[in-house]
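Asks:
Protein chains: 2
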Amino acid sequence: MPTYDLQYPKQPYSTVKRYDTRASYSLKTIHTIVSTSPILHVSFTDPSTPFPVTLPMIGALGSFTRPSADITDVQDLYLHGYISSRLINLSRSSTPGNDTAQTSPEGPVGLPLTITATHLDGLVLSLTPNSHSYNYRSATLFGHATLVSDTEEKLFAMEKITNGVVPGRWQSTRTPPNKGEMASTSVLKVKISAGSAKIRTGGPGDDKADLEDEELKNRVWTGVLPVWTEIGEGVAGGYNKLEGLPADVEEWRREGNEERRRHAVEGASSAPGKLKTDEE
Amino acid sequence: MPTYDLQYPKQPYSTVKRYDTRASYSLKTIHTIVSTSPILHVSFTDPSTPFPVTLPMIGALGSFTRPSADITDVQDLYLHGYISSRLINLSRSSTPGNDTAQTSPEGPVGLPLTITATHLDGLVLSLTPNSHSYNYRSATLFGHATLVSDTEEKLFAMEKITNGVVPGRWQSTRTPPNKGEMASTSVLKVKISAGSAKIRTGGPGDDKADLEDEELKNRVWTGVLPVWTEIGEGVAGGYNKLEGLPADVEEWRREGNEERRRHAVEGASSAPGKLKTDEE
């Protein structure tokens, strides 16, 4: 684990220009936003249309070659989900015979992907519509995707992805996947070239003229409505035979709700523009 | 208001291929998903990089020329938010002198955008990792963006966007925006060419071999953890002078939480694959 705060290099395509005081290039900050996001938006260019393709997918960070590397360190992003045949085919045609070779003399190998993770943390209500804002944490990763063909690495990624949705779920279900499941499941590995995050916390900010308007301040409520993702009590399926959720999953559910709620509420009153991550 | 269910035309770039039983092209279904999503992911191609640009933005549907058109009808999408200078500049260079002209002999005018709205409704936990899934509602719109220059239309869009975040907020704050605010705010109008939605509801589904494995069924909990967006109690800002949230906003907050919770819980036990919108 590095003892210093690693930063992604600023590339022309990854540098935040507007409200750059809200920007961060820290691996720890960016990876935390990505790894706590149950859905990632994955975009790529399809040469047959002027519209980029954007797919909601499930992802997990990990390092197969250095499994001890944690979230503050260099990681790859593994993607799974409703991978369109277009994405698979475009990635396959960008995957060299040996998919451990991630660069070629012409540059990085693989399909260029832009991956976005966004958490809405609050609705910021001010005196005028123009000063309204959101509290949010948003991260973007830029990288090149290749198909994972090595069975061990595929299993490593599938376990990371499954346990990223519910901790320990891989260990508590029927594994490993059988031959048919392995064959029908595609996992993409994204070698990350750059990344950035943008974060807003804090209360509303209005212009001087409005702040001096006592009549306005006396009639308009200003502040933040905190927003978070709530996970409800389990709804048992038709063939479930167990009394209730396993104790560890129930605890994870309750504690996660409370942590997300607290994060949103605390962010509502912290200094505006202050960078704040889950760990701070 | 049309008396039949309007559908977006299926274009090569908009047709859902995987799990197409989960697909919908209904304007009502797609527009409902978009208009209840506080954040939209907006993607476009930047010729200077192989990576598409994806920005989290705020949007609202509306029809300036036919204000009575509702969500079941043809609408434009207005976008506002952290509009990057790249997006503004690319759109400006794609905007003709008269921005009411939305087509030219060469085809639609404006910058091609892909806009995605995704709601996570549940974590679907099954007997094996490979059968795990999400309940979700996802919609994609494809269209061409131009800058809105007409003052009346800009005000129409700004009101729609503000009231889309909190109903009635435009009317209860200091409006209209002053000259400086109008000049510094850019609004994009997206003329929609196509759209699609994908929806999953229901409980887990496992393969026959696993369903016949009594030992497995006796040790693994299967079902759905419903997921929704929760809006917390207002946190007053530093210069707020009011006792609490206005009664209508407080009611909207509470009822919205309850409605989103109920939607996620009911979706957890409805028939798998059944198309379900907020109205049904």
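Just so you know, the sequences run in chain order A and B.
According to the UniProt record's numbering, the first sequence is numbered sequentially starting from 1.
According to the UniProt record's numbering, the second sequence is numbered sequentially starting from 1.
Cβ coordinates follow ideal geometry from the N, Cα and C atoms, glycine included.
Model, not experiment: these values are computed from the prediction.
Quick one, are the C-beta atoms of B/P226 and A/G232 less than 8 angstroms apart?
Replies: Their beta carbons are under 8 angstroms apart, which means B/P226 touches A/G232 by this criterion.
Asks: On the premise that A/A264 lies in contact with A/G122, defined as a C-beta separation below 8 angstroms, what is that separation, rounded to the nearest angstrom?
Replies: Contact flag correct, Cβ pair sits at about 6 angstroms.
Asks: Classify residue 288 of chain B: buried if its beta carbon has 16 or more other beta carbons within 10 angstroms, exposed otherwise.
Replies: A question about residue 288 of chain B goes unanswered here, because the residues of chain B that appear run from 1 up to 280.
Asks: Give me the chain B residues within the contact set of A/P52, using Cβ-Cβ distance strictly less than 7 angstroms, ordered along the chain.
Replies: S43, F44, T45, P52 and T114, listed in chain order.
Asks: Since A/S35 and A/S196 are thought to touch, with beta carbons under 8 angstroms apart, how far apart are those beta carbons, to the nearest angstrom?
Replies: Not a contact, Cβ separation roughly 16 angstroms.
Asks: Which ranges does the beta strand (DSSP E) cover as unbroken runs of at least 3 residues, wholly within the segment 191 to 235 of chain A, from first to last along the chain?
Replies: With a minimum length of 3 residues, the continuous beta strand (DSSP E) runs that stay inside the segment 191 to 235 of chain A are 223 to 231.
Asks: Please state if the CB of B/L245 and the CB of B/G256 are separated by a distance shorter than 8 angstroms.
Replies: Not in contact: B/G256 and B/L245 (Cβ atoms no closer than 8 angstroms).
Asks: Could you tell me if A/A247 is buried or exposed, where buried requires 16 or more neighbouring beta carbons within 10 angstroms of its beta carbon?
Replies: Counting Cβ neighbours within 10 Å, A/A247 comes out exposed, since fewer than 16 surround it.
Asks: From B/P12 to B/A194, what distance separates their C-alpha atoms?
Replies: Each residue's Cα considered, the two are about 10 angstroms apart.
Asks: Looking at chain A, is there any beta carbon in it that lies within less than 8 angstroms of the beta carbon of B/H132?
Replies: For B/H132, the answer is yes, since a Cβ of chain A falls inside 8 angstroms of its Cβ.
Asks: Within 10 angstroms of its Cβ, does A/A117 collect 16 or more other Cβ (buried), or is it exposed?
Replies: Burial call: buried.
Asks: Measure from the C-beta of B/G110 to each C-beta in chain C and report whether the shortest distance is under 8 angstroms.
Replies: Included in the structure are the protein chains A and B, with no chain C among them.
Asks: What's the C-alpha gap between A/R92 and A/T146?
Replies: Looking at the two C-alpha atoms, the distance is approximately 7 angstroms.
Asks: Closer than 7 angstroms by C-beta to B/K160: which residues in its own chain qualify, once you throw out the five before and the five after it? Chain order, please.
Replies: For B/K160, where only same-chain residues beyond five positions count, the Cβ hits under 7 angstroms are A60, G62 and Y78.
Asks: In chain order, which alpha helix (DSSP H) runs of at least 4 residues are fully inside the segment 120 to 173 of chain A?
Replies: Qualifying alpha helix (DSSP H) stretches, in chain order: 151 to 165 and 169 to 172.
Asks: Between the C-alpha atoms of B/Y25 and B/T201, what's the straight-line distance to the nearest angstrom?
Replies: Near 17 angstroms, if we compare the C-alpha coordinates of B/T201 and B/Y25.
Asks: Who does B/D20 pair with in a DSSP beta bridge?
Replies: The partner list for B/D20 (beta bridge, DSSP) is empty, contrary to what the question assumes.
Asks: Report the partner residues of A/I58 according to the DSSP bridge assignment.
Replies: Beta-bridge pairing links A/I58 to A/H80.
Asks: Kindly say whether A/D76, judged by its beta-carbon, lies nearer than 8 angstroms to any beta-carbon of chain B.
Replies: No, A/D76 does not count as interfacial toward chain B.
Asks: Which residues does DSSP pair with B/Q11 in a beta bridge?
Replies: B/Q11 is not bridged to any residue.
Asks: Going along chain A in order, which residues have a C-beta closer than 7 angstroms to the C-beta of B/I39?
Replies: Those within 7 angstroms of B/I39 in chain A are T118 and L120.
Asks: Determine, for B/R254, whether the minimum Cβ-Cβ distance to residues of chain A falls below 8 angstroms.
Replies: Output row for B/R254: interface = no.
Asks: Any idea if B/D70 is buried or exposed, counting beta-carbon neighbours within 10 angstroms, 16 or more meaning buried?
Replies: With fewer than 16 other Cβ atoms within 10 Å, it is exposed.
Asks: Indicate whether at least one CB of chain A lies closer than 8 angstroms to the CB of B/A236.
Replies: By this cut-off, B/A236 is an interface position.
Asks: Between which two residues does the beta strand (DSSP E) carrying A/V42 extend?
Replies: Unbroken beta strand (DSSP E) run through A/V42: L40 to F44.
Asks: Could one say the Cβ of A/F142 lies closer than 8 angstroms to chain B's Cβ atoms, at least one of them?
Replies: So yes, A/F142 belongs to the interface.
Asks: Would A/K241 be called buried (16 or more neighbouring beta carbons within 10 Å of its own) or exposed?
Replies: A/K241 comes out exposed.
Asks: Taking beta-carbon pairs under 7 angstroms, can you tell me which members of the segment 217 to 242 of chain B lie near chain A?
Replies: Under the 7 angstroms Cβ criterion, the segment 217 to 242 of chain B contributes K217, N218, V220, W221, T222, G223, V224, L225, P226, V227, W228, T229, E230, I231, G232, G234, V235, A236, G237, G238, Y239, N240, K241 and L242.
Asks: What residues from chain B crowd round A/G203, counting only those whose CB sits closer than 9 angstroms?
Replies: Simply V235, A236, G237, G238, Y239 and N240.
Asks: In angstroms, rounded to a whole number, what distance separates the CA positions of A/G180 and A/S186?
Replies: One C-alpha to the other measures close to 12 angstroms.
Asks: At a CB-CB cut-off below 7 angstroms, which residues of chain A make contact with B/P167?
Replies: Here the premise fails: no neighbours, minimum Cβ distance about 12 angstroms.
Asks: Along the chain, where does the alpha helix (DSSP H) that runs through A/N240 open and close?
Replies: From DSSP, A/N240 is part of no alpha helix (DSSP H); its letter is neither H nor E.
Asks: Name the chain A residues that come within less than 9 angstroms of B/G9, Cβ to Cβ?
Replies: Contrary to the premise, residue 9 of chain B reads as Pro rather than Gly in this sequence. Result: empty, since nearest Cβ-Cβ is about 14 angstroms, beyond 9 angstroms.
Asks: Indicate the three-state DSSP secondary structure (helix, strand or coil) for A/P117 in the structure shown.
Replies: One detail in the question is off: residue 117 of chain A reads as Ala in this sequence, not Pro. Three-state DSSP puts A/A117 in a strand.
Asks: Should B/G164 be labelled buried (16 or more other beta-carbon atoms within 10 Å of its own) or exposed?
Replies: B/G164 is buried by the Cβ-count criterion.
Asks: Who are B/K189's beta bridge partners in DSSP?
Replies: B/Y78 and B/T146.
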